[in-house]
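Protein chains in written order, with the numbering used here: chain A, 1 to 193; chain B, 1001 to 1193.
Number of protein chains: 2
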Amino acid sequence: MEAATQPSQRPMRADARRNRERILAAARLAFEEGGVHAQMEDVARRAGVGVGTLYRHFPTKEALVGELVGEKFRLLLEGARDALDIEDPWEAFAGTLRRNAELMAADAVVQDALMRSEIDWTYAEGPRSELHSTFAVTVERARAAGVIRPDFTIDDVPMIMCGLCSTMADGGPGGAYDWRRHLELMLDGIRAR
Amino acid sequence: MEAATQPSQRPMRADARRNRERILAAARLAFEEGGVHAQMEDVARRAGVGVGTLYRHFPTKEALVGELVGEKFRLLLEGARDALDIEDPWEAFAGTLRRNAELMAADAVVQDALMRSEIDWTYAEGPRSELHSTFAVTVERARAAGVIRPDFTIDDVPMIMCGLCSTMADGGPGGAYDWRRHLELMLDGIRAR
DNA sequence: CACGATACGGAATCTTCCTTCCGTTTGTCA
DNA sequence: TGACAAACGGAAGGAAGATTCCGTATCGTG
Chain A
1 MEAATQPSQR
11 PMRADARRNR
21 ERILAAARLA
31 FEEGGVHAQM
41 EDVARRAGVG
51 VGTLYRHFPT
61 KEALVGELVG
71 EKFRLLLEGA
81 RDALDIEDPW
91 EAFAGTLRRN
101 AELMAADAVV
111 QDALMRSEID
121 WTYAEGPRSE
131 LHSTFAVTVE
141 RARAAGVIRP
151 DFTIDDVPMI
161 MCGLCSTMAD
171 GGPGGAYDWR
181 RHLELMLDGI
191 RAR
Chain B
1001 MEAATQPSQR
1011 PMRADARRNR
1021 ERILAAARLA
1031 FEEGGVHAQM
1041 EDVARRAGVG
1051 VGTLYRHFPT
1061 KEALVGELVG
1071 EKFRLLLEGA
1081 RDALDIEDPW
1091 EAFAGTLRRN
1101 AELMAADAVV
1111 QDALMRSEID
1121 WTYAEGPRSE
1131 LHSTFAVTVE
1141 RARAAGVIRP
1151 DFTIDDVPMI
1161 MCGLCSTMAD
1171 GGPGGAYDWR
1181 RHLELMLDGI
1191 RAR
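This is the structure we're talking about:
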């Protein structure tokens, strides 16, 4: 979330800082809608800058997408952290999955990111692994409390989110799938019986 | 599975018929591995023909992929038909999902097809809708028997398969996801309790 | 076996995007 | 305000793939 160009150096010119924000805002918008398919030129246009400027701030499309994915994962991480304060073990677990699913539903890039491997994970690796280990605590707590099936592990979570994201992103031959229902079905499969 | 070029006309030259088969075989192979990403030139090379010949038989990549998707859906349809002969309503339902999931796992194009909307469904529409209505019978039977949750409908099935396919196709940052497990979790969520 | 009609091969063309380059503009500092 | 580095804009350059074109080779028939 800070300068991507220089690790230190003088503070970055005012217009540059402003443009960087504009670009990120435009990218959020463009990628929310079009997923990875959104084009660099489109992002530039929305930001009101030339492509050259866009590339001055983010050396490749991957870097730009990576920044957004990282941003999203930081939000997911927040969700996982908040889960630690929720008393009820099932609520902590299921509630967080629901909340974070909503976050994922909000934009298409990250859905694409979670599904296609075409994205350079290095940009979001930090938040991703931290999310993993943070939510692991909640999973363990739920299991210890006996509210989820005993064979469930934190490693099942990414898979579930992957499946879920695909139902958000797509929406078969008809209209759109009801991904919230998909999640509820899955939660019922995970809950101890 | 018959001539795509002419609705009637004279019988198609011997070498042409042979090449058509070769192309389909090569395409099956190439697309099984690479999904929609497999390239037309690659298909042609594997078939031992030039791209020109490939295009003589299938006017676009979409047409070729469509043919394969249709082929796969015909297999899925068979699965759904066989389900009608299975006594136990739960076995008929769950067993068919398992069997057809295996079929889907066998090649990547159709997974892509089920997920991304980038594919022209007209080519597989027939088998697809027939599959839908055929399996609806088994779903209804399972519900009537009280072995699946009462709010489950046939329309939930494509969504589930979509989610499932994404876990086959991808396999997150680590290796590959265990999609069979994904299916079992989901089945547990669907089964009546 | 000779002659069209068909089919073939694959280089060339077209498209779609991402990325680079460089002449111009703008912010900053003295 | 003048000088200079930093930043800008957007036309041009590439790369990857799908698709077309057309001269050549092959099949099927009289």
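All residues carry an ideal CB built from backbone N, CA and C; glycine is no exception.
When C-beta atoms of the region 126–142 of chain A are compared with those of the region 1158–1166 of chain B, fewer than three pairs fall below 8 Å, so the two segments do not count as touching.
Per DSSP, Tyr55(A) is one residue of the alpha helix (DSSP H) stretching across 51–57. Contact between Arg81(A) and Thr134(A) holds, with the beta-carbon distance rounding to 6 Å and staying under 8 Å.
Cβ proximity to chain B below 7 Å picks out nothing from the region 80–113 of chain A. Within the region 1035–1051 of chain B, no residue places its CB atom closer than 7 Å to a CB of chain A.
Note: Arg191(A) is bridge-paired with Ile148(A) in the DSSP secondary-structure output.
The region 1017–1025 of chain B makes contact with the region 1037–1049 of chain B; the number of CB pairs closer than 8 Å reaches 3 or more. Along the region 7–32 of chain A, none of the residues has a CB nearer than 7 Å to a CB of chain B. Residue burial annotation: His37(A) is exposed, with fewer than 16 other C-beta atoms found within 10 angstroms of its C-beta. Judged by DSSP in its simplified three-state form, Tyr1177(B) adopts coil rather than helix or strand. Asp120(A) does not reach chain B, its nearest Cβ partner there being about 11 Å away, counting only Cβ pairs nearer than 7 Å. Sequence-ordered contacts of the region 1162–1190 of chain B with chain A read Cys1162, Gly1163, Leu1164, Cys1165, Ser1166, Thr1167, Ala1169, Asp1170, Gly1171, Gly1172, Pro1173, Gly1174, Tyr1177, Asp1178, Trp1179, Arg1181, His1182, Glu1184, Leu1185, Met1186, Leu1187, Asp1188, Gly1189, Ile1190 [C-beta pairs closer than 9 Å]. Contact check for Val1147(B) against Ala1113(B) fails: the beta carbons are separated by 8 Å or more. For Arg1074(B), no CB of chain A lies under 8 Å from its own CB, so it is not counted at the interface with that chain.
From the beta-carbon of Arg193(A), the residues of chain B found nearer than 7 Å are Arg1193.
DSSP assignment within the region 1049–1133 of chain B yields the following whole alpha helix (DSSP H) runs of 4 residues or more, N-terminal first: 1051–1057, 1061–1083, 1089–1105, 1108–1115. Contact note: Arg1116(B) reaches chain A through Asp170, using a C-beta cutoff of 8 Å and chain order.
Only residues of its own chain outside the window of five on either side were considered, and among them Asp120 have a CB closer than 6 Å to the CB of Glu62(A), listed in chain order. When the Cα atoms are used, Pro59(A) and Pro127(A) turn out to be separated by approximately 21 Å.
DSSP places Ala1038(B) outside both helix and strand once states are collapsed to three, so it counts as coil. In this structure, the alpha-carbon of Phe73(A) lies about 52 Å from that of Arg1018(B). Judged by DSSP in its simplified three-state form, Thr153(A) adopts coil rather than helix or strand. For Arg1013(B), the secondary structure class from DSSP, reduced to helix, strand or coil, is coil. Contact between Asp107(A) and Glu32(A) holds: their C-beta atoms lie close to 4 Å from each other, under 8 Å.
Straight-line measurement puts the Cα of Asp156(A) at about 45 Å from the Cα of Asp15(A). Using a Cβ distance threshold of 8 Å, Leu77(A) and Glu130(A) count as a contacting pair. Around the C-beta of Gln1039(B), fewer than 16 other C-beta atoms lie within 10 Å, and the residue is accordingly described as exposed.
Nearest in C-alpha terms to Ala1169(B), of all of Val49(A), Tyr177(A), Met159(A), is Met159(A). Looking only at Tyr1055(B), Arg1181(B), Leu1097(B), the smallest Cα-Cα distance to Asp151(A) is reached by Arg1181(B).
Between Ala27(A) and Leu84(A), the CB-CB gap reaches or exceeds 8 Å.
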